[in-house]
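**Student:**
Protein chains: 2
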Amino acid sequence: MNVQAKDGGTLEAEMRAMGHAARDAAAALREASTTQKNTALLAAAAAIRATQLQILAANEEDMRAAAARNLTPALLDRLKLDAKRVEATAQAVADVASLPDPVGRELARWRRPNGLDIARISTPIGVIGIIYESRPNVTADAGALCLKSGNVVILRGGSESLHSSRAIHAALVVGLEAAGLPAAAIQLVPTKDRAAVGHMLAGLNGTIDMIVPRGGKSLVARVQAEARVPVLAHLEGICHTYVHEKADLAMARALVLNGKMRRTGVCGATETVLIDKDILATHLKPILDDLAKAGCEIRGDEAVRAIYPAARIATEEDWRTEYLDAIVAVRAVAGVEEAIRHIAAYGSQHTDSIVTEDSRAAQRFLSALDSAIVMHNASTQFADGGEFGMGAEIGIGTGKLHARGPVGVEQLTIFKYVVRGSGQTRP
Amino acid sequence: MNVQAKDGGTLEAEMRAMGHAARDAAAALREASTTQKNTALLAAAAAIRATQLQILAANEEDMRAAAARNLTPALLDRLKLDAKRVEATAQAVADVASLPDPVGRELARWRRPNGLDIARISTPIGVIGIIYESRPNVTADAGALCLKSGNVVILRGGSESLHSSRAIHAALVVGLEAAGLPAAAIQLVPTKDRAAVGHMLAGLNGTIDMIVPRGGKSLVARVQAEARVPVLAHLEGICHTYVHEKADLAMARALVLNGKMRRTGVCGATETVLIDKDILATHLKPILDDLAKAGCEIRGDEAVRAIYPAARIATEEDWRTEYLDAIVAVRAVAGVEEAIRHIAAYGSQHTDSIVTEDSRAAQRFLSALDSAIVMHNASTQFADGGEFGMGAEIGIGTGKLHARGPVGVEQLTIFKYVVRGSGQTRP
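In order, the protein sequences belong to chains L and R.
For the first sequence, position 198 matches number 794 in our numbering, and the numbering has no gaps at all.
For the second sequence, position 380 matches number 976 in our numbering, and the numbering has no gaps at all.
See the structure below:
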């Protein structure tokens, strides 16, 4: 699996072979015991620590090539590893061992009048393809989460990080082998050839059950448009914080500031603030002053600019924009129904929060919106598997099938029905 | 919505309008109360009964056209309605009202150390497209199940049943209106134009969340190949009954006979019988005599034919075939591991059953196989939502995402997270 493909035909054959190896390994992973999976994870974490120097050397090679290609500082920072980041990567893998095993849980069980005993038992999905950008730690995170959930994974990271990812992947394979699990349970696409992504999106001859893209909007959009297998992802997080007329001002200030500015580049960051017209006079200026003081550019509608003239004029386009930056769009609304309508029209069904002391308004907001995560009196930046107490997450979904919201190991499972009888035949 | 499209452009515009109307109706359906949905179902059932004569007249029109087209007797029988079938259709709709409401269930709830209260609440999927053959009762069944689960549905039945389906659909709309729900919550594609299916498979401009095909293998295969939205379905049911060496002979005879012959055309029918070599001498002949007496053609491997020479020789192709007919393939295996390997290689992950008094062999079979339904000492023909106690089912899935096995109203839901805080910001 370490030979770079020379041409399209070779690549296709190689990718097909990876798919078949994955399918074969899936049977072993499905039945792997909790002990065996945790052994593999802890051994992999140890191997990452033990091969720190090799990983850093591989990363240096990637960094040199990346610098020569004039990548942006942000991309270089994501690609860069140091001793501290390698240790954090190893620890993240070890942490996955301490999560409960999501496989084999009895999700439901009932008995039929004819005596049949029916149980719904959680099972791994099978083979998951993960396509991500040049962030070497994703190689370890995604590999660990799939392993814990009994899934085989085919990893395809950004080409700039190939050497780093290879070095980390080698440590993961050490872990698998230490636990007597097949090395093909975690495979890394060994080539920079972009055509490999196309093969994965086509499903590798029916061997891939699901694709998870991890990265920016252009990557996710490509995967969603081209994939011939199910995709678990969110395209964007246009998250709203709605300050209701019955909001506590101090709480509203804290939640808007944290929701927008804690980290502006995450998908759970607030992009639009909605605020009730009746409290513009009292609440608007302190909230926006906090944001401005923190370095946030403010774009508002007419009603907002009437009170806060420093705001730039917001256009229709602003309501639809995921800035991922220190910019916020602010709109005045005439109550909870208008807020709901705005979010339904412009939101991305990711995470939306209402700030209010009025429990009826809160309940209306929580029940009317169909976002993956709806919140009352909490920062939208809590949209995260770790903050939800799931442990690590492989991403956040906004689709309407299988799982949405933070996707942890439990959400990487499906189920089967186990029916126990005593000779029942169907009339 | 009752004007037949004159050309492709008109059809596309009309289908797009259906999609938008569905999307608009989804908000109302999502929040419809249990009472409101049940009122609509009971009123629809009453309307089906009240318009029996119109429905039968519409069906006669379909039957006349179908007879002129020389449809097979089986297709004509599926298409045909009479007073008894109309009553059964009405009763099936009323029965859905008595199912528990699957929307708004608290699937999980926990509290974080920072005080955040997180609940996972079931919600409707949104807009479901159902593509089916010329069985008018599916119009009512599918409409009722989607309504109960808070989903909007766009129905596209076989063109031979269009008049019958229109008449039944009109009764469903009467039910919706009686409950104050939008008529667009259950829409019927009003044209025989086959291009309408292509538009649905493309997702009607992103308005369809999921497609459910109901029908034969060619329909499902087309939908799976062409759909650009998720599909919930099974392609085929190559179900196995495995007679283990520790099987009780009387039970094995009953389960094989029932599994194969109760109804041969259903997806849960046993297609292949596996039997342990060690009991061929004692168990094989009585089991196969039962089948032969019931009119079943038997195809066996060499070991089977050595004991039961009347069997035709089974080829590799037989192990892969869903006969849906009074034909069975029989193979001798050397124990539970070989049975598992055979089923993994040739099965379709639908329903597989082991007959044995040995609980360890049973446990091994139940845990090693990854079929949607695995059974111990029960007939494969129990693979059915009604038999599982789910009430009606919209189909059976064998995919690895969202839901598999019988798909009832509960499986037509997804969830959202509701987070309740007291002003928490994320560090």
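Just so you know, even glycine gets a beta-carbon here, dropped at the ideal spot from N, CA and C.
The structure displayed is predicted, hence computed values, not measured ones.
Buried or exposed for Pro1023 of chain R, please, with buried defined as at least 16 other CB atoms from any protein chain shown within 10 angstroms of its CB.
**Tutor:** exposed
**Student:** Would you mind telling me which residues of chain L sit closer than 9 Å to Asp805 of chain R, beta carbon to beta carbon, in chain order?
**Tutor:** Gly995, Lys996, Leu997
**Student:** Counting only Cβ pairs nearer than 7 Å, list the residues of chain R close to Met569 of chain L.
**Tutor:** Residue 569 of chain L lies beyond the stretch modelled for chain L, which goes from 597 to 1023, so this question has no answer here.
**Student:** With 8 Å as the threshold, decide whether the Cβ of Pro826 of chain R is near any Cβ in chain L.
**Tutor:** yes
**Student:** Short check: CB of Asn747 of chain R to CB of Ile726 of chain R, under 8 Å?
**Tutor:** no
**Student:** Three-state secondary structure (DSSP) at Asp872 of chain R?
**Tutor:** Reduced to three states, the DSSP call for Asp872 of chain R is strand.
**Student:** Considering only residues of the same chain and omitting the five flanking positions on each side of Gly1020 of chain R, which have a CB-CB separation below 8 Å?
**Tutor:** Note on identity: in this sequence residue 1020 of chain R is Gln, with Gly being the wrong assignment. So the list reads Asn710, Gly711, Leu712, once near-sequence residues are dropped.
**Student:** So, is Gln687 of chain L buried or exposed, given that buried needs 16 or more other C-beta atoms within 10 angstroms?
**Tutor:** exposed
**Student:** From Gly1001 of chain L to Val682 of chain R, what does the alpha carbon distance come to, in whole angstroms?
**Tutor:** 43 Å
**Student:** Between Ile1010 of chain L and chain R, is any beta-carbon pair separated by less than 8 Å?
**Tutor:** Yes - at least one Cβ of chain R is within 8 Å of the one on Ile1010 of chain L.
**Student:** Below 7 Å CB to CB, which residues in the same chain sit around Phe1011 of chain R once its five sequence neighbours on both sides are set aside?
**Tutor:** These residues qualify, in order along the chain: Leu703, Arg716, Ile717, Ser718, Thr719.
**Student:** Between which two residues does the alpha helix (DSSP H) holding Met847 of chain R run?
**Tutor:** 845-857
**Student:** Would Leu743 of chain R pass as a contact of Ala636 of chain R if the rule is Cβ separation under 8 Å?
**Tutor:** In contact: Leu743 of chain R and Ala636 of chain R (Cβ atoms closer than 8 Å).
**Student:** Between the segment 700-721 of chain L and chain R, which residues of the former have a C-beta closer than 7 Å to a C-beta of the latter?
**Tutor:** Trp706, Arg708, Leu712, Ile714, Thr719, Ile721
**Student:** Helix, strand or coil, according to DSSP, for Phe984 of chain R in the structure here?
**Tutor:** coil
**Student:** Do you know offhand how far Asn733 of chain L's Cα is from Arg762 of chain L's?
**Tutor:** 11 Å
**Student:** Counting C-beta neighbours from all protein chains within 10 Å, is the total for Val832 of chain R 16 or more, i.e. buried, or is it exposed?
**Tutor:** Residue identity differs from the one stated: residue 832 of chain R is Glu in this sequence, not Val. By the 10 Å Cβ count, Glu832 of chain R comes out buried.
**Student:** For Val862 of chain L, which option in L:Arg752, L:Gly753, L:Arg810, L:Ala622 has the closest C-alpha, if you only look at C-alpha atoms?
**Tutor:** L:Arg810
**Student:** Residues of chain R with a CB under 8 Å from the CB of Glu934 of chain L: which are they?
**Tutor:** Simply none; closest approach about 14 Å.
**Student:** Quick check on Leu751 of chain L: does DSSP put it in helix, strand or coil?
**Tutor:** strand
**Student:** Gly1001 of chain L touches chain R at which residues, Cβ-Cβ below 9 Å?
**Tutor:** Arg716, Phe1011, Lys1012, Tyr1013
**Student:** Please check if any C-beta of chain R sits within less than 8 Å of the C-beta of Leu845 of chain L.
**Tutor:** no
**Student:** Using 10 angstroms around the beta-carbon of Glu841 of chain R, count the other beta-carbons present and answer buried if the total reaches 16, otherwise exposed.
**Tutor:** buried
**Student:** Counting contacts by CB-CB distance shorter than 8 Å, is Gln650 of chain L in contact with chain R?
**Tutor:** Not an interface residue.
**Student:** Tell me the rounded alpha-carbon separation between Val827 of chain R and Ser967 of chain R.
**Tutor:** Val827 of chain R and Ser967 of chain R have their alpha carbons spaced roughly 18 Å apart.
**Student:** What would DSSP say about His840 of chain R, mapped onto helix, strand or coil?
**Tutor:** coil
**Student:** Just checking: is the beta-carbon of Gly985 of chain R within a distance shorter than 8 Å of some beta-carbon in chain B?
**Tutor:** Of the protein chains in this structure, namely L and R, none is chain B.
**Student:** Along chain R, which residues have their Cβ under 8 Å away from the Cβ of Ala850 of chain L?
**Tutor:** Gly1019, Thr1021
**Student:** My guess is that Thr860 of chain L and Asp921 of chain L are in contact by the Cβ rule of under 8 Å, so how many angstroms apart are they, rounded?
**Tutor:** 5 Å
**Student:** Would you list the residues sitting across from His972 of chain R in a DSSP beta bridge?
**Tutor:** Assignment of beta-bridge partners to His972 of chain R by DSSP yields L:Arg1016, R:Ile950.
**Student:** Could you confirm whether any beta carbon from chain R is found closer than 8 Å to the beta carbon of Gln977 of chain L?
**Tutor:** yes
**Student:** Could you check whether the segment 910-924 of chain L touches the segment 867-885 of chain L, counting it as contact only if at least three pairs of C-beta atoms, one from each stretch, sit closer than 8 Å?
**Tutor:** yes
**Student:** At 8 Å on the CB atoms, spell out the chain R contacts of Ala968 of chain L, in chain order.
**Tutor:** Identification of chain R residues near Ala968 of chain L by a Cβ-Cβ cut-off of 8 Å yields Lys1012, Tyr1013, ordered along the chain.
**Student:** Using 8 Å as the limit for Cβ to Cβ distance, is Glu627 of chain R near chain L?
**Tutor:** True, the Cβ-Cβ gap to chain L drops below 8 Å.
**Student:** Measuring alpha carbon to alpha carbon, tell me which residue in R:His998, R:Ala798, R:Glu756, R:Leu797 is nearest Ala663 of chain R.
**Tutor:** R:Glu756
**Student:** What in chain L is Cβ-close to Leu887 of chain R, meaning under 7 Å?
**Tutor:** By Cβ distance, chain L contributes nothing, its closest Cβ being about 14 Å from Leu887 of chain R, past 7 Å.
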